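Asks:
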Amino acid sequence: MPPWTEHTSLREANDELTRVILEAAEAAIPRGARKTPKPWWNEEVDAAVRRRNQLRGLARTDPGQGAAWREAEREVRRLIVEARRASWRDFTSQLSLRTDARKVWDTMKALDGKGAPMRQDEELRVGAKSYSSDKSKADAFMRVGFPATPGLPGNELADEIAREAANLEQHDVPIDLPSAKARLRRHAHREWEQRLQPTRYALQNGMRGEGYLERNEPEIKEALGDPTKLVELLRRLGRL
Numbered sequence: 128m129p130p131w132t133e134h135t136s137l138r139e140a141n142d143e144l145t146r147v148i149l150e151a152a153e154a155a156i157p158r159g160a161r162k163t164p165k166p167w168w169n170e171e172v173d174a175a176v177r178r179r180n181q182l183r184g185l186a187r188t189d190p191g192q193g194a195a196w197r198e199a200e201r202e203v204r205r206l207i208v209e210a211r212r213a214s215w216r217d218f219t220s221q222l223s224l225r226t227d228a229r230k231v232w233d234t235m236k237a238l239d240g241k242g243a244p245m246r247q248d249e250e251l252r253v254g255a256k257s258y259s260s261d262k263s264k265a266d267a268f269m270r271v272g273f274p275a276t277p278g279l280p281g282n283e284l285a286d287e288i289a290r291e292a293a294n295l296e297q298h299d300v301p302i303d304l305p306s307a308k309a310r311l312r313r314h315a316h317r318e319w320e321q322r323l324q325p326t327r328y329a330l331q332n333g334m335r336g337e338g339y340l341e342r343n344e345p346e347i348k349e350a351l352g353d354p355t356k357l358v359e360l361l362r363r364l365g366r367l
């Protein structure tokens, strides 16, 4: 990495540092022992993918690198198409009547971009325990990944925490007087429509639901004039 001076711009320094970090990570971080993911994957495709990924990282901090990243993406797609065709020609040239049919289908799926089929009834081991059914595997995954999830066998602690949280004292919800009155009037109007069913006389005289209840429910009328009683009534009605 070239030395920075007082004339080095912040963008140049950031791009150079990002490039060095990515190269060091590629060289130092082990990628694990695994078989080639695709039969057509080769060194040329691998190098093109690494270069595309590096440019993508640079483009996130420097929009000016966007064109180079898009060009690298097009190059990766072109190389993949060519590698697939070459791999298919090489594979078909080796086919014979003695070729294992399963190998043929696996290769065709790999060329088509499909992964290996899911293994049925494969055992999952977590510590000293093993799980085979889908439900037991899912429960084990939830216990490991989300240990505070209630309702799972073995999560009694999470269940206890959930019960305690449900019984915690609820603090007052801040609400202004006009909003509280509006909520009560909406509740009264719904009650009037659902239960009291306005008579023809009420309709002819233009009675609204909230007016009807105010004249017939002293408690509601009193609550509209007292903020404390209004809040208590709203809570009892489940509107607050």
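Count along the sequence shown from 1, add 127, and you get the number used in this note's numbering. Ideal Cβ placement from N, Cα and C applies to all residues, glycine included. Remember, predicted model here, so these are calculated numbers, not experimental data.
Which word fits E182, buried or exposed, when buried means at least 16 other C-beta atoms lie within 10 angstroms of its C-beta?
Replies: What you label residue 182 is simply residue 55 of the sequence shown in a count that begins at 1. A small fix is needed here, since residue 182 is Leu in this sequence, not Glu. L182 should be labelled buried.
Asks: Specify whether the region 191-211 and the region 146-158 touch according to this definition: at least 3 beta carbon pairs, one from each stretch, less than 8 Å apart.
Replies: no
Asks: To the nearest angstrom, report how far apart A151 and D227 are at their CA atoms.
Replies: Within the sequence shown, residue 151 is the residue found at index 24, counting from 1. Within the sequence shown, residue 227 is the residue found at index 100, counting from 1. Cα-Cα distance, rounded: 43 Å.
Asks: Taking L137 as the reference, which of V203, T188 and K165 has the closest Cα?
Replies: Your numbering for residue 137 matches position 10 in the sequence shown. Closest by alpha carbon: T188.
Asks: Taking the DSSP output, what are the residues bridged to V253?
Replies: Counted from its first residue, the sequence shown places residue 253 at position 126. Paired residues: K256.
Asks: Consult DSSP for Q221 and reduce its assignment to one of helix, strand or coil.
Replies: The residue you call residue 221 lines up with position 94 of the sequence shown. Three-state DSSP puts Q221 in coil, outside helix and strand.
Asks: Just the Cα atoms here: how many angstroms apart are V203 and R212?
Replies: The sequence position of residue 203 within the sequence shown is 76, counting from 1. The sequence position of residue 212 within the sequence shown is 85, counting from 1. Each residue's Cα considered, the two are about 14 Å apart.
Asks: Indicate the three-state DSSP secondary structure (helix, strand or coil) for I156 in the structure shown.
Replies: Reading the sequence shown from its first residue, position 29 is the one you call residue 156. Three-state DSSP puts I156 in coil, outside helix and strand.
Asks: Report yes if the C-beta distance between I207 and V253 is below 8 Å; otherwise report no.
Replies: As a working mapping, residue 207 is identified with position 80 in the sequence shown. As a working mapping, residue 253 is identified with position 126 in the sequence shown. Going by C-beta atoms, I207 is not nearer than 8 Å to V253.
Asks: Could you give the residue range of the alpha helix (DSSP H) that holds G184?
Replies: As a position in the sequence shown, residue 184 is number 57, starting the count at 1. Taken as a continuous stretch (DSSP letters only), the alpha helix (DSSP H) holding G184 covers E170 to T188.
Asks: With 16 other CB atoms within 10 Å as the buried threshold, where does A174 fall?
Replies: Here the question's residue 174 lines up with position 47 in the sequence shown. With fewer than 16 Cβ atoms within 10 Å of its Cβ, A174 is classed as exposed.
Asks: Run through DSSP, which three-state label would D227 get?
Replies: As a working mapping, residue 227 is identified with position 100 in the sequence shown. D227 falls in the coil class under three-state DSSP.
Asks: Find the nearest neighbour of F218 within the set R312, W167, W196 and R201, judged by alpha-carbon distance.
Replies: Residue numbering aside, residue 218 sits at position 91 when the sequence shown is read from its first letter. Out of R312, W167, W196 and R201, W167 has the C-alpha closest to the C-alpha of F218.
Asks: Between R177 and E153, how many whole angstroms is the CB-CB distance? I'm expecting something under 8 Å.
Replies: By one-based count along the sequence shown, residue 177 stands at place 50. By one-based count along the sequence shown, residue 153 stands at place 26. Between E153 and R177 the Cβ distance is about 7 Å, and since that is below 8 Å, they are a contact.
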